[in-house]
Amino acid sequence: MTKMNIKMIQKAIEQFEFEISKEFSFIDENPKMKEFYDLAINALKKQIPMKVRSPIDANGQYNKLVIYCYSCGKTVRDMKYCYNCGQRLDWEI
Ligand SMILES: [Zn+2]
2 MTKMNIKMIQ
12 KAIEQFEFEI
22 SKEFSFIDEN
32 PKMKEFYDLA
42 INALKKQIPM
52 KVRSPIDANG
62 QYNKLVIYCY
72 SCGKTVRDMK
82 YCYNCGQRLD
92 WEI
């Protein structure tokens, strides 16, 4: 995914969050829409790559043998998206 696409996704998330948070939002008239917007926002957030993490061992060093999804905490290996939560993963160190 290009940086341009990620910026567009971030702008869309910001706009949707603004639309449902502002005073006199159309959401107030139709509470079901808030659920739909939250679903869309969460789905969009999963598209923005999130860096994978490694736990810190007893010596204060990163244990690179274990890599996990920072979104849900499940261990991941060589996958573009987390198998558990669907988060797009960024493997760059
Ligand atoms: Zn995950």
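Residues 2 to 94 in our numbering are what the sequence shown lists, from first letter to last.
For each residue, glycine too, the CB sits at the ideal point set by N, CA and C.
Start-to-end residues for the alpha helix (DSSP H) that takes in residue i
| i | result |
| --- | --- |
| Phe17 | 4-22 |
| Asn43 | 32-48 |
heavy atom of ligand 1 below 8 Å from residue i C-beta
| i | result |
| --- | --- |
| Gly61 | no |
| Lys75 | yes |
| Asn43 | no |
| Gln48 | no |
Supposed contact pair residue j and residue i - C-beta distance, whole angstroms, cut 8 Å
| i | j | result |
| --- | --- | --- |
| Lys52 | Gln88 | Incorrect: roughly 10 Å between the Cβ atoms, too far for contact. |
| Phe17 | Tyr38 | 6 Å |
| Ile49 | Ile21 | Contact doesn't hold; Cβ gap of about 19 Å is too wide. |
Discussion item. For the stretch 20-33 against the stretch 55-71, do three or more pairs of beta-carbon atoms, one drawn from each stretch, fall closer than 8 Å, so that the two count as touching?
Written reply: No, they do not touch.
Worksheet entry | the stretch 29-46 touching the stretch 73-85, judged by at least three CB pairs closer than 8 Å | Counting Cβ pairs under 8 Å, fewer than three are found: no touch.
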